[in-house]
Amino acid sequence: MISRSFIKDSVLIISVTTLFLSSSFCGTWSGDTLRVNPITFEDPSPVGWGAQYKTMVNFPDGNTEWSQILMVQTLKCDSATAGDKYPCGEWDYIWNTFIKVPQEDSLEIFTLASFVTPYGKRLELGGEIGWEWVYEISEYAPLLRGSRELISGNNQELLNLEFVFIKGVPARKVISVENIYPYGHYKYEYLASDSLLKEKQIVLSQEAEAFSLKATISGHGHEGPYNCCEWDSKTHTYRLNGWETYRWNVWKDCGNNPIYPQGGTWPFDRAGWCPGTKVDEYEFELTPKVASGDTITLDYSIEPFADNGEKDGTLRMSHQLFSYGPPNFKYDAALVDIIVPSTSDRYSRVNPGSGNSVIVIQNRGKYPLKELLIKYGVKGQRKKKYTWKGNLEFLESEKVTLPALSWKKMRVSGVYEVEVELPKHMTDDYPGNNVLTSNYEKPQSLPKQFILSIQTNNLGRAIENEFYISDVNGMVWYDKGEFKDSTNYRIAIDLSKGSYQFKFKDDMEDGISRHWWNRNAAPEQVGINGLVQIESTGGDTLVTFHADFGQELLLNFIVE
Numbered sequence: 120m121i122s123r124s125f126i127k128d129s130v131l132i133i134s135v136t137t138l139f140l141s142s143s144f145c146g147t148w149s150g151d152t153l154r155v156n157p158i159t160f161e162d163p164s165p166v167g168w169g170a171q172y173k174t175m176v177n178f179p180d181g182n183t184e185w186s187q188i189l190m191v192q193t194l195k196c197d198s199a200t201a202g203d204k205y206p207c208g209e210w211d212y213i214w215n216t217f218i219k220v221p222q223e224d225s226l227e228i229f230t231l232a233s234f235v236t237p238y239g240k241r242l243e244l245g246g247e248i249g250w251e252w253v254y255e256i257s258e259y260a261p262l263l264r265g266s267r268e269l270i271s272g273n274n275q276e277l278l279n280l281e282f283v284f285i286k287g288v289p290a291r292k293v294i295s296v297e298n299i300y301p302y303g304h305y306k307y308e309y310l311a312s313d314s315l316l317k318e319k320q321i322v323l324s325q326e327a328e329a330f331s332l333k334a335t336i337s338g339h340g341h342e343g344p345y346n347c348c349e350w351d352s353k354t355h356t357y358r359l360n361g362w363e364t365y366r367w368n369v370w371k372d373c374g375n376n377p378i379y380p381q382g383g384t385w386p387f388d389r390a391g392w393c394p395g396t397k398v399d400e401y402e403f404e405l406t407p408k409v410a411s412g413d414t415i416t417l418d419y420s421i422e423p424f425a426d427n428g429e430k431d432g433t434l435r436m437s438h439q440l441f442s443y444g445p446p447n448f449k450y451d452a453a454l455v456d457i458i459v460p461s462t463s464d465r466y467s468r469v470n471p472g473s474g475n476s477v478i479v480i481q482n483r484g485k486y487p488l489k490e491l492l493i494k495y496g497v498k499g500q501r502k503k504k505y506t507w508k509g510n511l512e513f514l515e516s517e518k519v520t521l522p523a524l525s526w527k528k529m530r531v532s533g534v535y536e537v538e539v540e541l542p543k544h545m546t547d548d549y550p551g552n553n554v555l556t557s558n559y560e561k562p563q564s565l566p567k568q569f570i571l572s573i574q575t576n577n578l579g580r581a582i583e584n585e586f587y588i589s590d591v592n593g594m595v596w597y598d599k600g601e602f603k604d605s606t607n608y609r610i611a612i613d614l615s616k617g618s619y620q621f622k623f624k625d626d627m628e629d630g631i632s633r634h635w636w637n638r639n640a641a642p643e644q645v646g647i648n649g650l651v652q653i654e655s656t657g658g659d660t661l662v663t664f665h666a667d668f669g670q671e672l673l674l675n676f677i678v679e
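Just add 119 to the spot in the sequence shown (first one is 1) and you have my numbering.
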């Protein structure tokens, strides 16, 4: 067991400037930050089937308020991994990050997050720096105090795990976290018959003013005609006091997974997860339907199974209840994320950007957020301004697309900065979350004239493809569909100076690579690889795209 102390120099870092984790991590708000790094790439890979890293962590004690708590997970392919003969494990496996919390004379296990590893055969996962995932785990603040046993990762990849505590006032105080149904591995038959997760009676905290539920659910197995429950979407339900209150389907689109190409059938949609992604979380605000001190009943259920063998499929899940204090601010506009431009791993599909910026704003104040002045541009340079108007209630967020910047004269790389301001007649009660930065890279430059070369694949799959070249205003300059099988298309492109986007789509979300998984059962259905590349008019290759891309290829570029 690895054991680290919170007071070691290698574990505790206090900063009084803007938090900056790495070149791929989007900078967050100004303020004091504290970082706890209990697992590093230097720690030995766990040994044994399904083995996980285990360590004691000393989280900060006391009553310090944290405006935000992040968990940053970085994985790296390395020959030191103990899972199998590959630097990254060959198969996709699910694992969880757990902490054990003392409860009277026992320890209670809480799930912080669930994750599924990517298919690792021939995988490139960020090279020596690895690939990064960021989890927002502020709601677990009451549990992340003092000494805790932590369990995370597995032996497929090396793991660096870091907890980032950002000092400040949260939107609302988290009073408690409760396991309604702790994490478990359940057979579909028993969930559907309600013989496992039975109705619970819960007494809500007198101290709290708001409550929410979180369900983390993933489907596994290949049972019945639809391969339940990995490949089969099911409907899930919460009943509050006997009434059906929330219904949702567990299903995740995998075609634009940022980790590609992988060694397996990674592009195909699954029940709540994709290879190399977090397991989806479903959150429900209970507050309008309950009050402090109420005694309620809560029951989880899933749709009935058909008599076709699917009952033997499995689901992994946890269900948790969070209790909160009142909103801490009347008015608080927050910048949550910068999607474009960014060098963050999770946004690598849409970056580098060549035109419109995309950000995420959130209302963290009690009263509705209806207007914001947004200033954006390269840090240290004159900013553009945009006025956003809408209607966001408490904790609601919105993705905002900003008018395009000109990237032609920008440096090859730099820091991008966004700032939000409330209207002048209003006061933002917490300006500490009004500024956000990200690293950017300048988009690729292409000549005015070039050749788009497309070699289609066969077996009737070419008809699935189409492409567009559009500018920042959305005007389409070139497009084509209805391709024929096993045909080489050479399309002459002639563009004026400006910023553009090339998009190549595949309707079946399986790219244009051969269907290698048919090599044993149906070798006649394997087919051939297609090819998409951009060439100069003189025949030089400028850009070559992976054939195994899933749903779409996207290249933002400029013509100078």
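In this text, a Cβ means the ideal position worked out from N, Cα and C, and glycines have one as well.
Where residue i falls: helix, strand or coil (DSSP)
i           : result
residue 362 : strand
residue 641 : coil
residue 426 : coil
residue 666 : coil
residue 168 : coil
residue 183 : coil
residue 647 : coil
residue 447 : coil
residue 272 : coil
residue 583 : helix
residue 153 : strand
residue 250 : strand
residue 515 : coil
residue 506 : strand
residue 561 : coil
residue 406 : helix
residue 161 : coil
residue 203 : coil
residue 532 : strand
residue 465 : helix
Whole-number beta carbon distance between residue j and residue i, since they are thought to touch under 8 Å
i           : j           : result
residue 537 : residue 493 : 7 Å
residue 278 : residue 272 : 4 Å
residue 568 : residue 656 : 5 Å
residue 296 : residue 254 : Between residue 254 and residue 296 the Cβ distance is about 15 Å, and since that is not below 8 Å, they are no contact.
residue 744 : residue 634 : What is shown of the chain runs 120 to 679, which leaves residue 744 out entirely.
residue 313 : residue 358 : Incorrect: roughly 11 Å between the Cβ atoms, too far for contact.
residue 218 : residue 267 : 5 Å
residue 239 : residue 205 : 5 Å
residue 631 : residue 601 : About 15 Å; that fails the 8 Å criterion.
Same chain, Cβ closer than 7 Å to residue i, five either side skipped, listed in chain order
i           : result
residue 571 : 610, 612, 653
residue 364 : 357, 358, 408
residue 541 : 450, 452, 491, 547
residue 661 : 565, 569, 653, 654, 655
residue 682 : The shown model of the chain, from 120 to 679, leaves out residue 682, and the question about it has no answer.
Nonlocal neighbours in the same chain, by C-beta distance under 6 Å from residue i, ignoring five residues either side
i           : result
residue 249 : 193, 194, 195
residue 532 : 560
residue 233 : 215, 335, 398
residue 598 : 587
residue 201 : 164, 166, 274
C-beta atoms of residue i and residue j nearer than 9 Å
i           : j           : result
residue 450 : residue 292 : no
residue 410 : residue 514 : no
residue 282 : residue 368 : no
residue 265 : residue 177 : yes
residue 422 : residue 332 : no
residue 307 : residue 424 : yes
residue 377 : residue 472 : no
residue 371 : residue 396 : yes
residue 557 : residue 457 : yes
residue 247 : residue 191 : no
residue 431 : residue 373 : no
residue 498 : residue 534 : yes
Beta-bridge partners of residue i, as assigned by DSSP
i           : result
residue 435 : 304, 337
residue 350 : DSSP output for residue 350 lists no bridge partner at all.
residue 357 : 365, 419
residue 569 : 612
residue 617 : 678
residue 295 : 442
residue 598 : 587
residue 456 : 479
residue 660 : 654
residue 691 : This structure leaves residue 691 out entirely; the chain is present only between 120 and 679.
Contacting residues, own chain, Cβ-Cβ under 8 Å from residue i (five flanking each side not counted)
i           : result
residue 617 : 590, 591, 677, 678
residue 289 : 184, 185, 186, 187, 257, 260, 447
beta-carbon residue i near the ligand NAD non-hydrogen atom, thresh 8 Å
i           : result
residue 479 : Looking at this structure, you won't find the ligand NAD or any other ligand, since it has none at all.
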